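**Q** Sharing a structure, written as structure tokens. Questions coming.
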Amino acid sequence: MLSLIAGLAGAADNTTSVTPASTQQAKAPTSGIAVEYIDPAVRVQDDLFTHMNGKWLATTEIPADKASWGSFAKLRDDIQPQLRTIIENAANSKDKAAGTDTQRIGDFYASFMDEARLEQLGVAPLKGEFARIAALKDKKQLPALIAHFNKIGVSAPYGFAIHQDNKDSTKYVADLYQDGLGLPDRDYYLKADDKKLADTLAKYEQHMAKMLTLAGDNNGPASARAVVDFEKQLAKLQWTKVELRDPIKAYNKVDVAKLNTMAPGYDWKTYLADAGIGGKVNYVIVSQPSYFKGMTALLNKTPVETLQAYFRFHTVHAFAPYLNKSIVDENFAFYGTVLSGVTEQQPRWKRGVSVSEGALGEAVGKLYVAEQFPADRKARMEKLVNNLLASYKTSIDTLDWMSPVTKKQAQAKLAKFTTKIGYPNKWRDYSALTVSKDDLVGNVMRSHEFEYNKEINKLGKPIDRDEWGMTPQTVNAYYNPEMNEIVFPAAILQAPFFDAAADDAVNYGAIGGVIGHEISHGFDDQGAQYDGDGNLRDWWTKADHKNFAAKTKMLVEQYNQFSPLPGYHVNGELTLGENIADNSGIAIAYKAYKLSLNGKQAPVIDGLTGDQRFYMGFAQVWRMKMREAAQIQQIKTDPHSPGQFRANGPMRNQPGFYDAFGVKPGDKMYLAPKDRVIMW
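All letters in the sequence shown, in the order written, are residues 176 to 855 by my numbering.
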């Protein structure tokens, strides 16, 4: 699933006709541009991002409880009070019959808000898990223990997921993958020459020692040293984030009977049985075979005592936010402050809202949509999506780097796109989830098991094409190559992404850019490896592969030059797919906007032409500030480029941007025509 940042389902109308985004616009539409944030001292031609957001950057402080702040974060924050009202109404409802979604939502929230009880309990809710770990005396017990932790949401050296088979998208399959690190990326363990990462690793060990001590380990510091060394060995075995982007390399079909040849001596039969998939599958997909071979050898040579400490730490870490204050605070001190630079925890109610709607996302989402998502917003969005799809359809035929044979395949894939807007047409059934008002940790564990069982139960059944990968209240969007679908949750369909009061130009630049971004994921370096049915299949000619690779190489080199912090550069290979989507998405959105004018001249609003408002609308979406620690974490782990480069990077390659603002040689945004990457 390729998301925009770290609705009724149905087939899209892929006709070639283009309709205006709004047939009933206000008589005097606004520009939709936040002109109060524009810094006139910075020329658009030198830095679009800072020109658009300069005054905001100069005067805005990142809230103390946030790692970053900007358009996405503010909209998420604005939604929290709405969700709070929905959830607290459920908690205070007098008509809260047992087993209803109202009861589940209300009691989940109430169990989190009862701080006095959590303080009284301390780590007692984890007593059973600690006993299970203490019973580990023989490494033959590891497969069953790991299977258990996979179910309840505790990190282990590996995990698995259920998804569509990438080479037979009509079937669900189990996928084994590397896991088990307490830090965001292997680089935190292995880049000893990076002082910031080395300092984080040292503080991680100190944090682990404190957490183990709070959990009852009398040898916390010694245990932490051993566990960090174990995780460092795991990190050496793991594939890099760039390697993980290759779906062909990660597709390794292994018969269940032959798993022991991949990881000799490991009892896969016991693991699969305890995981609940024994007998349900004949094969699994092993994403990183070399990792599993090395992991097995590492487990064999690691002392049982170290493995016990490893699981104790990851257990207390997994449930730390739901325990007593000393553990909550220590967990935040490292994962909030050290890793992300955040200095203040979110108010209790916000954390309660997050965990409650995280566990009961669609139950909350159903109520959110009824209160906050007008029907006309969905209808207008549908027209925008259809316009973007129509522009893609036209553009495919004009591409100078794609042969007629491949164009035919591309059109076939585009015609099979499914669009989902706002909310699902079939809501989740939570009746199998038990929620108790006085058992927060139990609620969290049961919610993990509920999700786990939902996934396991997919095996052997038809693909559920109504399922959503995000809740309606999520400020994001995504493309799923296995389903060949684009999905836009209700929450993102509001300003600054979608402004019902604004002229079409800013909406095409903002939400149009988002739509174009998600569609183009179907044709980026990863998505293009899947056909219209969601199968990994090479439908390109060799010459087209070569032409595409030449363009993507140029894009990688462009983004490698961007540096948000001294000593840290954007990884052009890691961010390639998202950079392609930004580049292609805004290009197609511009074509769709021009077509929507039906040959008419766009009005000048706030002294800005339609084309200028279009590009400025895109740039203000990426208004963002980020703390240094969070920025480092993003660079190391996130396939998305930092906000300023998502605004500026694509523009340097757009001919329309040059025309709109008169960008010329000598301007900092200027690239010579031969150096521009024009994909669509």
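For each residue, glycine too, the CB sits at the ideal point set by N, CA and C.
Please read these numbers as outputs of a predicted model, since none were measured by experiment.
Per DSSP, Glu660 forms a beta bridge with which residues?
**A** Thr593 and Asn655, per the DSSP bridge assignment.
**Q** Using 10 angstroms around the beta-carbon of Gln295, count the other beta-carbons present and answer buried if the total reaches 16, otherwise exposed.
**A** So Gln295 counts as exposed.
**Q** Is there contact between the segment 689-699 and the segment 713-722, where contact requires at least three CB pairs shorter than 8 Å?
**A** Contact fails: fewer than three Cβ-Cβ distances are below 8 Å.
**Q** Within the segment 227-270, note down every full beta strand (DSSP E) run reaching 3 residues or more, in order along the chain.
**A** You should have 243-245.
**Q** For Gly334, which three-state DSSP category applies?
**A** Residue state, collapsed to three classes: strand.
**Q** Thinking C-alpha only, which one of Lys633, Phe698, Tyr743 and Leu498 is nearest His338?
**A** Comparing Cα positions, the closest option is Lys633.
**Q** Classify Ala196 as buried or exposed, calling it buried when 16 or more other Cβ atoms lie within 10 Å of its own Cβ.
**A** Any reading at Ala196 must be qualified, since the residue scores a pLDDT of 36, below 50, and its modelled position is unreliable; no value is offered.
**Q** Given a threshold of 16 other Cβ atoms within 10 Å of its Cβ, counted over all protein chains shown, does Ala299 qualify as buried or as exposed?
**A** With fewer than 16 Cβ atoms within 10 Å of its Cβ, Ala299 is classed as exposed.
**Q** Are Met176 and Asn655 touching if we call contact CB-CB under 9 Å?
**A** Closer than 9 Å, so yes.
**Q** Given a threshold of 16 other Cβ atoms within 10 Å of its Cβ, counted over all protein chains shown, does Glu304 qualify as buried or as exposed?
**A** Buried, since its Cβ has 16 or more Cβ neighbours within 10 Å.
**Q** Helix, strand or coil for Ser529? Go by DSSP, reduced to three states.
**A** Looking at Ser529 - three-state DSSP - the assignment turns out to be helix.
**Q** Which residue wins for smallest C-alpha separation from Glu406, given the options Glu519, Thr649, Leu473 and Met556?
**A** Closest by alpha carbon: Leu473.
**Q** Among Ala550, Gly702 and Leu535, which one has its Cα closest to the Cα of Val610?
**A** When only C-alpha atoms are compared, the closest one is Leu535.
**Q** Using a 10 Å radius around the Cβ and a threshold of 16 neighbouring Cβ atoms, would you call Gln413 buried or exposed?
**A** It is buried - the Cβ of Gln413 has at least 16 other Cβ atoms within 10 Å.
**Q** Would you kindly work out how many angstroms separate the C-alpha atoms of Asn475 and Ile321, rounded to a whole number?
**A** Looking at the two C-alpha atoms, the distance is approximately 15 Å.
**Q** Identify the continuous beta strand (DSSP E) that holds Ser465 and give its terminal residues.
**A** Counting along the chain, Ser465 falls outside any beta strand (DSSP E), though it belongs to the alpha helix (DSSP H) covering Pro464 to Lys476.
**Q** DSSP three-state call for Asp719: helix, strand or coil?
**A** Correct three-state label for Asp719: helix.
**Q** Jot down the residue ranges of each uninterrupted alpha helix (DSSP H) in the segment 335-404, minimum 4 residues, whole runs only, in chain order.
**A** The qualifying runs are 362-365 and 370-389.
**Q** Would you call the segment 248-267 and the segment 281-289 touching, i.e. three or more CB-CB distances under 8 Å?
**A** Flag = yes, the segment 248-267 and the segment 281-289 touch.
**Q** With a CB to CB cut of under 7 Å and the five nearest residues on each side skipped, what residues in its chain are close to Arg259?
**A** Taken in chain order, the residues that qualify are Trp524 and Val528.
**Q** Would you identify the three-state DSSP class for Leu668, choosing helix, strand or coil?
**A** Leu668: coil per DSSP, three-state reduction.
**Q** Can you list, in chain order, the residues of its chain with a C-beta nearer than 6 Å to that of Thr198? Leave out the 5 residues immediately preceding and following it.
**A** Its pLDDT being 36, under 50, Thr198 is placed unreliably in this model, and the value from its coordinates should be taken loosely. Same-chain partners within the cutoff: there are none.
**Q** Could you give the C-beta distance for Pro778 and Asp674, rounded to a whole number, given that I count them as a contact under 8 Å?
**A** Not really, about 15 Å apart at Cβ, beyond 8 Å.
**Q** With DSSP run on the structure shown, which of helix, strand or coil describes Ile180?
**A** Coil, per DSSP.
**Q** Roughly how many whole angstroms lie between the Cα atoms of Ala585 and Val560?
**A** Taking the straight line from one Cα to the other gives about 18 Å.
**Q** Buried or exposed for Asp270, going by 16 or more other Cβ atoms inside 10 Å?
**A** By the 10 Å Cβ count, Asp270 comes out exposed.
**Q** What does DSSP give as the partner residue(s) for Ile780 in the beta ladder?
**A** Beta-bridge pairing links Ile780 to Leu783.
**Q** If you follow the alpha helix (DSSP H) that Met556 is part of, which residue opens it and which one closes it?
**A** Run containing Met556: Ala550 to Ile571, per the alpha helix (DSSP H) assignment.
**Q** Which residue from Lys843, Leu179, Gln353 and Asn758 puts its Cα closest to that of Tyr333?
**A** Residue Gln353 is the option with its Cα nearest to Tyr333.
**Q** Across which residues does DSSP place Tyr683 in a beta bridge pair?
**A** DSSP output for Tyr683 lists no bridge partner at all.
**Q** In chain order, which beta strand (DSSP E) runs of at least 3 residues are fully inside the segment 786-851?
**A** Taking only runs of at least 3 residues, the beta strand (DSSP E) segments lying wholly in the segment 786-851 are 799-801.
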